[in-house]
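So the structure is just underneath, and the comments pick up after that.
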Amino acid sequence: KVPELVSNHTQFEGPALYTLTFFLVMNKAKFESLPADIQEMIDNHSGLMFSIFAGATQQDADWQARAVAEELGNNIITVTDTGPWRELVEPIYADWIADMKGKGIDGQALIDEARALMAEYSAK
Numbered sequence: 082k083v084p085e086l087v088s089n090h091t092q093f094e095g096p097a098l099y100t101l102t103f104f105l106v107m108n109k110a111k112f113e114s115l116p117a118d119i120q121e122m123i124d125n126h127s128g129l130m131f132s133i134f135a136g137a138t139q140q141d142a143d144w145q146a147r148a149v150a151e152e153l154g155n156n157i158i159t160v161t162d163t164g165p166w167r168e169l170v171e172p173i174y175a176d177w178i179a180d181m182k183g184k185g186i187d188g189q190a191l192i193d194e195a196r197a198l199m200a201e202y203s204a205k
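Using our numbering, you'd call the opening residue of the sequence shown number 82 and step up by one each time.
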């Protein structure tokens, strides 16, 4: 639908973090109230494999949307020099890492792991 609503699009060259990290989340109390067999079913169908599946699904949808945008004659800009953009978002990462630290979570380790997975699965 987006290509029908806007005529200018910006994309970044290379892998995008949003297509490689997906989370299936649920209220912890609700999850714990479920029968053990249902909890096991949810656990067995989530995690890394779900994240990979969801990312691939999103990426496939992106290419379909791009094809529609091209057919409509929309303007598509591909940013190849991502350095300036990365500099702009670093404070957001720093704030998030600090927020996670306040919750007892190693946010930097999570980012490092996500980036390592991006590199691993982008190469395949």
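All residues carry an ideal CB built from backbone N, CA and C; glycine is no exception.
- In the three-state reduction of the DSSP assignment, residue 106 falls in the coil class, being assigned neither a helical nor a strand state.
- Close CB contacts of residue 112 within its chain, under the 8 angstroms cut and outside five residues either way in sequence, are with 120 and 123 (chain order).
- Look at residue 138 here: in three-state DSSP terms it is helix.
- Residue 186 carries a coil assignment under DSSP once its states are collapsed to helix, strand and coil.
- Listed in chain order, the alpha helix (DSSP H) runs fully inside the region 122-180 are 129-152, counting runs of at least 4 residues.
- Looking at the DSSP output, residue 93 bridges to 160.
- Cα atoms of residue 158 and residue 88: separation of roughly 11 angstroms, rounded to the nearest angstrom.
- Setting aside the 5 residues that flank it on each side, residue 107 is surrounded in the same chain by 123, each with a C-beta closer than 8 angstroms to its C-beta; the list follows chain order.
- Taking a contact as a CB-CB distance under 8 angstroms, the pair residue 160 and residue 94 counts as one, their CB atoms being some 7 angstroms apart.
- DSSP, read as helix, strand or coil, puts residue 87 in coil.
- For the pair residue 155 and residue 82, the Cα-to-Cα distance works out to about 13 angstroms.
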